[in-house]
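Shown next, in structure tokens, is the structure this report addresses.
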Amino acid sequence: MHRRQFLTWTGAFIALAALPIKAWSAVWNTPAFQSSKLDEAMHLLGVAKPMPSDKIVMTAPDKAENGAVVQVQVRSHLANTQSIAILVEKNPTALIAQFDFVSGVVPDVITRIKMAETSDVTAVIQADGQYFFSKKLVEVMENGCG
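Structure representation (structure tokens):
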């Protein structure tokens, strides 16, 4: 009996390992990530009318010496946060990052982004099926996308 269980589990493991890596990865919204316009990227993300919220804490420098490395932190205090998207209006591609969360996870992300020029950095949060946003102007001293 142990041999049959071993063979069954081994076969199942081999079948799972044979799945392409793409099957294990998250769904990638290519059109949204390729969009150069903020409104278009938000539309492609499914964002209709986001509301401003003081329950979103975004930390970014007022002035970035080098636009190639701008640290941004976004933390959501909204209940049932499902995703955080970071967008930069004046970048070659507006959507910089999107993070999806499962229930019970603290929605807090820190990342480094590239910025082409001085622009608003916008965080869009999906929580309970609604969209909320917060934004901050970051002054870029040296272009990071060129």
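Sequential numbering from 255 applies to the sequence shown in our numbering.
C-beta atoms are modelled at their ideal positions from N, C-alpha and C, and glycine is treated no differently.
The structure presented is a predicted model; accordingly, all values stated were derived computationally and were not measured.
Check whether the Cβ atoms of residue i and residue j lie closer than 7 Å to each other.
i    : j    : result
I367 : V311 : no
A318 : V394 : yes
V378 : A339 : yes
Q327 : I364 : yes
Have a look at residue i and residue j and give me their C-alpha separation to the nearest angstrom.
i    : j    : result
T313 : R329 : 9 Å
P285 : T372 : 24 Å
F387 : L341 : 11 Å
F267 : D316 : 50 Å
So, for residue i: in the same chain, excluding its five sequence neighbours on each side, which residues have a beta-carbon less than 7 Å away from its beta-carbon?
i    : result
F287 : T347, L349
T264 : none
E396 : E319, N320, G321
W278 : Bear in mind that the predicted position of W278 carries a pLDDT of just 49, short of 50, making it unreliable; the figure below should be weighed with that in mind. Nothing listed; no residue qualifies.
To which residues of the same chain is residue i closer than 8 Å at the C-beta, ignoring the five residues directly before and after it?
i    : result
K389 : M312, D374, V375, T376, A377
My guess is that residue i and residue j are in contact by the Cβ rule of under 8 Å, so how many angstroms apart are they, rounded?
i    : j    : result
L332 : A381 : 4 Å
S290 : L298 : That pair is no contact at about 12 Å.
Does the Cβ of residue i have 16 or more other Cβ atoms within 10 Å, making it buried, or fewer, making it exposed?
i    : result
P306 : exposed
N345 : buried
Q259 : exposed
Going along the chain, which residues of its own chain have a beta-carbon closer than 6 Å to the beta-carbon of residue i, five neighbours each way excluded?
i    : result
E343 : L292, S373, D374
D354 : S337
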